[in-house]
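J.: When we follow the numbering used here, the leftmost residue of the sequence shown carries the number 87, and every step to the right adds one. A single structure is presented below for examination.
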Amino acid sequence: PRCARLFRCWVAGVLVLDCVDRWSVLEWMYTDTGALPRTAVLPAPHEDRLLWVVCAHAWHGSLTWVRALVVLEACAAVAFGLGVRWCGALTWWLHLSICVRSAPLIYILDRYLNLLLLYATLLPTPPADG
87 PRCARLFRCW VAGVLVLDCV DRWSVLEWMY TDTGALPRTA VLPAPHEDRL
137 LWVVCAHAWH GSLTWVRALV VLEACAAVAF GLGVRWCGAL TWWLHLSICV
187 RSAPLIYILD RYLNLLLLYA TLLPTPPADG
C-alpha cells in the first residue's frame, strides 16, 4: 500500500510541475487570441461533437477559462497526491483535455503522463490497516 501511495504522490507532483510549466504559455498557445486558436486546431463542432463535449479546454477560448482549468488540474493533483482517489480521474480528464486542445504541442512525455495518471488512478490499494 505504501508503494502505491508513493507512486500516486510522485505522479501528482509531476502533474503539478507540468501545470507550472504550461502557465507561462497559456495565453500564447491555449487561447483563441494566441497562436493556436480552437478553430485552427480542432474540427468544427458539427464535425466532431464528441470531441467538443469531452474536451473542457475547447468549451471556451479565453485566458481566464484556461487558467481556471489549469488551477483546477493542479489542485486536483495535490488532492490526488494526498489520497483523494476520485481526483485522479479528474486530473486525467483535464490533462487529456489540454492535450487534445492543442495536439501540435504534445510530446512523448505528455503521452507517458496520461498513462501514468491512468495507472495511478486505477491502481488498487488495500486499506492501510489490512
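Yeah, the Cβ is synthetic: ideal placement off N, Cα and C, and Gly gets one too.
Taking the runs of the alpha helix (DSSP H) that are 4 residues or longer, which of them lie wholly in the stretch 147 to 175?
T.: 149 to 167
J.: Below 8 Å CB to CB, which residues in the same chain sit around W114 once its five sequence neighbours on both sides are set aside?
T.: Correct list, in chain order: G120, A121.
J.: Kindly list the residues whose CB is nearer than 7 Å to the CB of F166, restricted to its own chain and excluding five residues on each side of it in sequence; keep chain order.
T.: R94, A98, C173, G174, T177
J.: Give the straight-line distance between the Cα atoms of R187 and V164, rounded to the nearest whole angstrom.
T.: 23 Å
J.: Tell me the DSSP secondary structure of H132 in three-state form.
T.: Of the three classes helix, strand and coil, the one that applies to H132 here is coil, per DSSP.
J.: Start and end of the alpha helix (DSSP H) containing G99?
T.: G99 -> alpha helix (DSSP H) spans 88 to 109.
J.: Starting from T125, trace the alpha helix (DSSP H) in both directions and tell me its first and last residue.
T.: 124 to 127
J.: I need the DSSP call for C185, collapsed to helix, strand or coil.
T.: helix
J.: Under 8 Å by Cβ, that's how I've got P131 and G147 pegged, so tell me the actual separation to the nearest angstrom.
T.: Contact flag wrong, Cβ pair sits at about 13 Å.
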